[in-house]
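For the sequence shown, the numbering used here assigns the number 236 to the initial residue and increments by one for each residue that follows. Only one structure is covered here, and it is reproduced in the block below.
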Amino acid sequence: MLLRLLFAPITGLTWIAEQIQERVDAEMDVKENLQKQLLTLQLAFDMGDIEEAEFEAQEEALLLALQAIADQERAAAAIEINEEEE
Numbered sequence: 236m237l238l239r240l241l242f243a244p245i246t247g248l249t250w251i252a253e254q255i256q257e258r259v260d261a262e263m264d265v266k267e268n269l270q271k272q273l274l275t276l277q278l279a280f281d282m283g284d285i286e287e288a289e290f291e292a293q294e295e296a297l298l299l300a301l302q303a304i305a306d307q308e309r310a311a312a313a314i315e316i317n318e319e320e321e
């Protein structure tokens with residue numbers, strides 16, 4: 236029982252680190268998937284499988300989604316830096 240109390244902060248930090256890692260992995264999977272979709276879209280356009288208007292609309296949607304992920308990553312990094320400074 237006493238050991239549990241002594242190691243509780245370490246256990247808690249480990250759990251938090253695992254949760255953060257899971258979130259980062261999930262975001263990386265989403266980001267990678269969006270990048271693959273963008274490449275596939277570019278190839279389809281280059282091959283003449285889709286019209287330019289459709290390509291541009293889909294490209295914009297994918298780029299906006301990638302930008303949103305980048306914004307979230309920057310915000311998370313800024314929060315982390317602020318917490319470290321405190």
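Note that CB positions come from ideal geometry on N, CA and C, so glycine has one too. These numbers come from a predicted model, not from an experiment.
Alpha carbon to alpha carbon, how far is residue j from residue i? Give it in angstroms, no decimals.
| i | j | result |
| --- | --- | --- |
| A300 | R239 | 44 Å |
| Q302 | E295 | 10 Å |
| I304 | A312 | 12 Å |
| W250 | D306 | 25 Å |
| F308 | L274 | The sequence given here places Glu at residue 308; Phe does not occur at that position. So the alpha carbons of these two residues sit roughly 22 Å apart. |
| E286 | L278 | 12 Å |
| A310 | K266 | 16 Å |
Here's the rule I'm using: 16 or more other beta-carbon atoms within 10 Å means buried, otherwise exposed. How should residue i be labelled?
| i | result |
| --- | --- |
| L297 | buried |
Minimum length 3: unbroken beta strand (DSSP E) runs contained in the region 257–305: none
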